[in-house]
């Protein structure tokens, strides 16, 4: 028998304020049509003043617990994937732990930017396989609106705020691709490409800084690397593209999603797309999309789901799981 990490519950939370593309027309040389054509984004949610990343994460965690029919003390560990934690320390995850009323277990953050949720799932899977935890709450949460240079039309129109969460639970499987749960993980990073996507601030500068991106180069790397990591994860799982029921990609740009799906030979009808409504929410984008698709009844028990993401670092990876 093989110990597997299976999805028990999902949930998400989005800030109340919705910013439509047209709002940018008053301050930037841009338009709704220009943004849609280049990114597929139509609107995004923006956190209210004083609303923190941990606030969003707590709400998403509560939603996942409700979906799973569990309470806070049924959870052994909390992992929050974020690049926009409330403070330098302590971790956002410990704030979530307290905010949920969880009085046991442990909590920590994972920082791999837009790939953060995939890396956090890999962490949670390893904890469960090693017997260090029976249930792990994995959250992707971001307030990227606070990293934007609102004069840069190439970046500020692309990002939004939000949080998504899943609960992974230990279960026994036969050790075959027919098992439920996480079947394979594939992770990579290459620090030589750090200047393609980064924030020009931090502890060393004494300023929060703004997000900077070389969009054309990021696009090229994204399509190539996302397709390759998804292929690799499927191979590790003992599956091929024909077995895939759903691809749930990082929601950065519709053109990247379409190009990656084409390389995977997966029709867009089997790709979950929420970028039009959320924009790029970095580490929150995959769990947000998962929660939306689950709520719509699209992802059903027994189906094979591929998650893939790339972010600053560059860091990228994929997870193959059976729902």
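Residue numbers (this note's numbering): -15 to 307. A virtual CB, placed ideally from N, CA and C, is assigned to each residue, including glycine.
Would you decide whether residue 33 is buried or exposed? Buried here means 16 or more other CB atoms lie within 10 Å of its CB. Within 10 angstroms of the beta-carbon of residue 33 lie fewer than 16 other beta-carbons, which makes it exposed.
Unbroken stretches of the alpha helix (DSSP H), 4 residues or longer, contained in the stretch 90 to 135: 100 to 113
Could you spell out the range, first to last residue, of the alpha helix (DSSP H) harbouring residue 333? With the chain running from -15 to 307 in the structure shown, residue 333 is simply not present.
Helix, strand or coil for residue 260, going by three-state DSSP, please let me know. helix
Would you check if there are 3 or more beta carbon pairs closer than 8 Å linking the stretch 289 to 298 to the stretch 53 to 66? Contact between the stretch 289 to 298 and the stretch 53 to 66 is absent, because fewer than three Cβ pairs lie under 8 Å.
Residues in its own chain within less than 6 Å of residue 144 by CB, not counting five upstream and five downstream? 28, 29, 262, 263 and 265
Can you list, in chain order, the stretches of the alpha helix (DSSP H) that have 4 or more residues and sit fully within the stretch 58 to 83? 76 to 83
So, under 8 Å CB-CB, residue 187 and residue 72 are touching, yes? Tell me the CB distance rounded to an integer number of Å. Indeed, because the Cβ distance is near 7 Å, the residues count as touching under 8 Å.
Three Cβ pairs or more, each shorter than 8 Å: is that satisfied between the stretch 148 to 168 and the stretch 273 to 280? yes
For residue 80 and residue 101, what's the separation of their Cα atoms in angstroms? 16 Å
Would you report the Cα separation of residue 294 and residue 135, rounded to the nearest angstrom? 25 Å
On the CB-based measure, 16 or more other CB atoms within 10 Å of its CB, does residue 179 come out buried or exposed? exposed
Have a look at 243, 163 and 142 and flag the residue whose alpha-carbon is nearest the alpha-carbon of residue 307. Nearest in C-alpha terms to residue 307, of all of 243, 163 and 142, is 163.
Count the other C-beta atoms from every protein chain shown that fall within 10 angstroms of the C-beta of residue 167, then say buried if there are 16 or more, exposed otherwise. By the 10 Å Cβ count, residue 167 comes out buried.
Can you name the start and end residues of the alpha helix (DSSP H) that residue 251 belongs to? Unbroken run through residue 251: none, as it is neither H nor E.
According to the Cβ coordinates, are residue 157 and residue -14 closer than 8 Å? yes
Residues near residue 110 in its chain [Cβ-Cβ closer than 6 Å; skip 5 each side]: Answer for residue 110: no residue qualifies.
Alpha-carbon to alpha-carbon, residue 77 and residue 93: The straight-line gap from Cα to Cα measures roughly 6 Å.
From 303, 192, 256 and 302, residue whose alpha carbon lies closest to that of residue 281: Checked all of 303, 192, 256 and 302; the closest Cα to residue 281 is 256.
Residue from 47, 305, -12 and -10 whose Cα sits closest to the Cα of residue -2: 47
Among the candidates 246, 239, 56 and 192, whose CA atom is the shortest distance from the CA of residue 20? If we check each option's Cα against that of residue 20, 239 comes out closest.
Which residues does DSSP pair with residue -9 in a beta bridge? DSSP, once it has assigned bridges, lists 152 as partnering residue -9.
Other residues of its chain near residue 314: CB distance less than 8 Å, five sequence neighbours each side excluded: Given that the chain is displayed from residue -15 to residue 307, the structure contains no residue 314 and the question cannot be resolved.
Taking all protein chains shown into account, do 16 or more other C-beta atoms lie within 10 angstroms of the C-beta of residue 228, making it buried, or fewer, making it exposed? buried
On the criterion of 16 or more Cβ atoms from any shown chain inside 10 Å, does residue 60 qualify as buried, or is it exposed? buried
Limits of the alpha helix (DSSP H) - the one that residue 26 falls within: Segment: none, residue 26 is in no alpha helix (DSSP H) and carries neither H nor E.
Indicate the three-state DSSP secondary structure (helix, strand or coil) for residue 191 in the structure shown. strand
When DSSP labels each residue in this structure, what does residue 299 get in the three-state scheme? DSSP, reduced to helix, strand and coil, places residue 299 within a strand of the structure shown.
On the premise that residue 270 lies in contact with residue 124, defined as a C-beta separation below 8 Å, what is that separation, rounded to the nearest angstrom? 7 Å
Looking at the C-beta of residue 103, does it have a partner C-beta in chain C at a distance below 8 Å? You won't find chain C in this structure, because it holds only one protein chain.
Within 8 Å, do at least three Cβ pairs link the stretch 235 to 250 to the stretch 114 to 124? no
Am I right that residue 142 and residue 25 are in contact with their C-beta atoms under 8 Å? What's the rounded C-beta distance? 6 Å
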